[in-house]
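Written below as structure tokens is the structure these notes are about.
2 protein chains.
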Amino acid sequence: MPDSIRVTYVVQAPADRIAERAEALMLEQAVELPRAIAARDPWVAEHMIGAVEDVRPAGRDLHRVTIAHPIATAGGDPAQLLNLLFGNASLQPEVVLDDVVLPPSAFDWLPGPRAGIAGLRELAGVAGRPLLATALKPMGLRPARLAALAGTFARAGLDLIKDDHGLADHAFCPFEARVEACLRAIDDAERETGRRALYVPNLIGAPDRVMRQLAFAREAGARVAMVSPMVTGLPFLCQLAALPDGLPLMAHPAFGGVLRAAPPVLLGKLFRWFGADAVIFPHVGGRFSYDADTCRAIAEALRAEHARIRPSLPAPAGGIRVERMGELLDFYGPDCVLLVGGSLYAADDGLFERTRALVERVTRAAAAEPVS
Amino acid sequence: MPDSIRVTYVVQAPADRIAERAEALMLEQAVELPRAIAARDPWVAEHMIGAVEDVRPAGRDLHRVTIAHPIATAGGDPAQLLNLLFGNASLQPEVVLDDVVLPPSAFDWLPGPRAGIAGLRELAGVAGRPLLATALKPMGLRPARLAALAGTFARAGLDLIKDDHGLADHAFCPFEARVEACLRAIDDAERETGRRALYVPNLIGAPDRVMRQLAFAREAGARVAMVSPMVTGLPFLCQLAALPDGLPLMAHPAFGGVLRAAPPVLLGKLFRWFGADAVIFPHVGGRFSYDADTCRAIAEALRAEHARIRPSLPAPAGGIRVERMGELLDFYGPDCVLLVGGSLYAADDGLFERTRALVERVTRAAAAEPVS
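Residue numbers (my numbering), protein chains in the order written: chain A, 1 to 372; chain B, 1001 to 1372.
In structure tokens, the structure reads:
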């Protein structure tokens, strides 16, 4: 089947039962009936039932199973694609979603990133080095206080200044007031330095609320926004990415707890395919537990060449200390966002100086090792 | 703190490190900064930073940790509530979301079920026994074929006839044509039997698409609809449940296994709080692996008395054979939806007779053991 969705699972089953288990998994995800019943209709048998294409050992009682579903089963709908990949199977603890390969025609209805790496670089005015980012925090500060932080970070030369993902539309810090104050602070810094940072407001809520926030932020002058797709819904990311009057989006991994889906599939492939221009994920050695191979695989999936959609910027984060910047530059190369939060805040009164030192260090390192 | 969100995690950490780990978890989920930095602002220290209220052993290197967050941190937003409960922590494999208790004031902005058990019973015209349901399948059948099945099931006396959750808006079976055909078939059956079944269309897609499907279905005469909240986004469920012109909703658990969360919290509590009138979940002994305690806990959470919101109907499913109906009646009692799919289809030409026998059996069993 040339125009197929190919999905690979790691399945726990003994060797003498894996063929049967793989067949059941394929049927579960599409027709949800035993083959004998589903195939009573010849059109269903021919056009809806896929094939188990490959089964190979992957450890003790583990097998890597690749299933091909006809592209028509996805119905041109990102939500139905999720059903097909990991709808019911997500409830079966012996199944881990391991990889997905889509045919080119899937990108007739999957938008991919609006701006991609080149677009974000152009917005930020940064070439040849990673974009430097931080988060405004903690939750609880009033708009004027967050704006003062944004101004300091902007004057110190950061490229992206995003809301913490926990900054919602709190009574003590309403979305609109925060966005206006932070954008004003960025304006002021630009007048002072001649260089414009990008303030990235956090869109959060049910879709109607997020749509209002997006419209407000765009109208107020924001050029990039952030969303947590696993909180607000992955198909909604597609809707946002395809809006004629949308914004490029950073995606935060909150609620993405991926016990049984390999992080590179969810954060690397699905987030990019569904429209994230940059994807935040926990880098090895911080407060989270992804290992180096996982981080590398996420970055590779985000930046891989693709005939139909733009590449996305990996944004490693999650407790990265300023002192580790050299290591991250080596690990990710120039095409990434380096997101440093708490480690800058540790400086307190020295926030400007510590941020400035980070910017200079990364700029110098990039100049010393020019990259294509 | 009386007006607190109380969230319990099972955390893997040795006894001599659990106090530190619990404190870090509490900070991670709200202010996302070390205490010393976040508490520089006295208002943040007093109003945003919660407390670790309880830590108790829960197995070898396991502890059950209860954290109280001030309700204000949720910002009156269901999406931000998810962040607070399991945003970043979902990415930490040593943390499992185990339980959540909300203060009454959270239900100022969490809608709960639109119709609840009483409302669904009234719509279905069924008292004193479980509602009987099936799913239209397989994906691939044209609207006329699905409608013929709906008509057969309705004449045989089923109460709820839902789309399979994989029935999207496929080119070979467009949503609108399917809804119209199935509702016509239900009308015809009603004229024949004098009794009206409820056809439950599956709403699926990005939010804009789902909103159009909902409006169409309601206008066409559907009285209940289905959605997969983990596919389309949990906060979107709240939006749908709070719509002035919405419909009662059955919630399907597809894609719900992505999270390291105890199923009773996700499917029992969050699904109900966010607006599901009935929640489908895999019953023990079918194609999935929930055990009896998990199923019982889900059902209890859905039906528990609550001062602010309606109870929801548990809808055990996932490969329940007709022969197991007696066991399920004993297990769940009358307040549930018994969802039988493939086991009815096994009958092929005898579909009407097999369905009719199921209805009679459940009706007789309920009459023999009248329940309050």
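Just so it is clear, CB atoms sit at the ideal spot from N, CA and C, and this is done for glycine as well.
{"Item": "Cα-Cα separation, tyrosine 345(A) to leucine 158(A)", "Value": "14 Å"}
{"Item": "Residue range of the beta strand (DSSP E) that includes phenylalanine 1271(B)", "Value": "First-last for phenylalanine 1271(B): 1271-1274, but that is the alpha helix (DSSP H), not the beta strand (DSSP E)."}
{"Item": "Best match in Ile1204(B), Glu1190(B), Ala1156(B), Arg1195(B) for proximity to proline 1174(B) [C-alpha to C-alpha]", "Value": "Ile1204(B)"}
{"Item": "Cβ-Cβ distance between alanine 89(A) and isoleucine 5(A) below 9 Å", "Value": "no"}
{"Item": "Partners in chain B for valine 379(A), counting only beta-carbon separations shorter than 8 Å", "Value": "Not covered by the structure: residue 379(A). The range shown for chain A is 1 to 372."}
{"Item": "DSSP bridge partner residues for isoleucine 1280(B) (one or two, in chain order)", "Value": "Ala1315(B)"}
{"Item": "Glycine 341(A) classed as buried or exposed, judged by whether at least 16 other C-beta atoms fall within 10 angstroms", "Value": "buried"}
{"Item": "Methionine 139(A) (DSSP reduced to helix, strand or coil)", "Value": "coil"}
{"Item": "Chain A contact for serine 1105(B) (CB, 9 Å cutoff)", "Value": "no"}
{"Item": "Nearest residue (CA-CA) to proline 1103(B), options Asp1348(B), Gly1318(B), Arg1308(B)", "Value": "Arg1308(B)"}
{"Item": "Residue-level contact to chain A via CB, tyrosine 1332(B), 9 Å cutoff", "Value": "no"}
{"Item": "DSSP beta-bridge partners of alanine 133(A)", "Value": "Leu160(A), Leu339(A)"}
{"Item": "Residue-level contact to chain A via CB, proline 1014(B), 9 Å cutoff", "Value": "no"}
{"Item": "Min CB distance glutamate 1020(B) to chain A below 9 Å", "Value": "no"}
{"Item": "Glycine 1326(B) to leucine 110(A) span [Cα, whole Å]", "Value": "46 Å"}
{"Item": "Where the stretch 1043-1071 of chain B meets chain A: residues whose CB sits under 7 Å from a CB there", "Value": "Trp1043, Val1044, His1047, Met1048"}
{"Item": "Whole-number beta carbon distance between leucine 97(A) and alanine 357(A), since they are thought to touch under 8 Å", "Value": "Not confirmed; about 42 Å, so no contact."}
{"Item": "Same chain, Cβ closer than 8 Å to proline 209(A), five either side skipped, listed in chain order", "Value": "Sequence check: residue 209(A) is arginine here, not proline. Excluding sequence neighbours, arginine 209(A) sits near Asp169."}
{"Item": "Element boundaries [alpha helix (DSSP H), containing alanine 22(A)]", "Value": "18-29"}
{"Item": "Proximity below 9 Å, CB of alanine 1251(B) to CB of leucine 1237(B)", "Value": "yes"}
{"Item": "is_contact[lysine 384(A), chain B] using C-beta, thresh 9 Å", "Value": "Here chain A has residues from 1 to 372 only, and residue 384(A) is not among them."}
{"Item": "Alpha carbon of valine 179(A) to alpha carbon of phenylalanine 153(A), nearest angstrom", "Value": "16 Å"}
{"Item": "Chain A contacts from the stretch 1131-1146 of chain B (Cβ-Cβ distance under 8 Å)", "Value": "Ala1135, Lys1137, Pro1138, Met1139, Gly1140, Leu1141, Arg1145"}
{"Item": "Identity of the residues DSSP links to histidine 69(A) by a beta bridge", "Value": "Ile5(A)"}
{"Item": "Under 7 Å (Cβ pairs) to chain A, residues found in the stretch 1188-1218 of chain B", "Value": "Ile1204, Gly1205, Ala1206, Pro1207, Asp1208"}
{"Item": "Residue nearest to alanine 376(A) in terms of C-alpha spacing, selected from Val224(A), Pro229(A), Val337(A)", "Value": "Not covered by the structure: residue 376(A). The range shown for chain A is 1 to 372."}
{"Item": "Range covered by the beta strand (DSSP E) that runs through alanine 1225(B)", "Value": "1225-1227"}
{"Item": "Neighbour flag for histidine 283(A) against chain B, beta carbons, 9 Å", "Value": "no"}
{"Item": "Under the three-state DSSP convention, the category proline 264(A) falls into", "Value": "helix"}
{"Item": "Residue-level contact to chain B via CB, alanine 148(A), 9 Å cutoff", "Value": "no"}
{"Item": "Any C-beta of chain B under 9 Å from that of leucine 358(A)", "Value": "no"}
{"Item": "Interface flag, threonine 1073(B) vs chain A, CB-CB below 9 Å", "Value": "yes"}
{"Item": "Uninterrupted beta strand (DSSP E) stretches inside the stretch 75-118 of chain A (no shorter than 3 residues)", "Value": "95-101"}
{"Item": "Residue-chain proximity (leucine 329(A), chain B), Cβ-Cβ < 9 Å", "Value": "no"}
{"Item": "CA nearest to the CA of glycine 1119(B), picked from Pro1138(B), Gly1166(B), Ala1278(B)", "Value": "Ala1278(B)"}
{"Item": "Identity of the residue in Ile1186(B), Arg1017(B), Ala1148(B) nearest leucine 1160(B) by Cα", "Value": "Ile1186(B)"}
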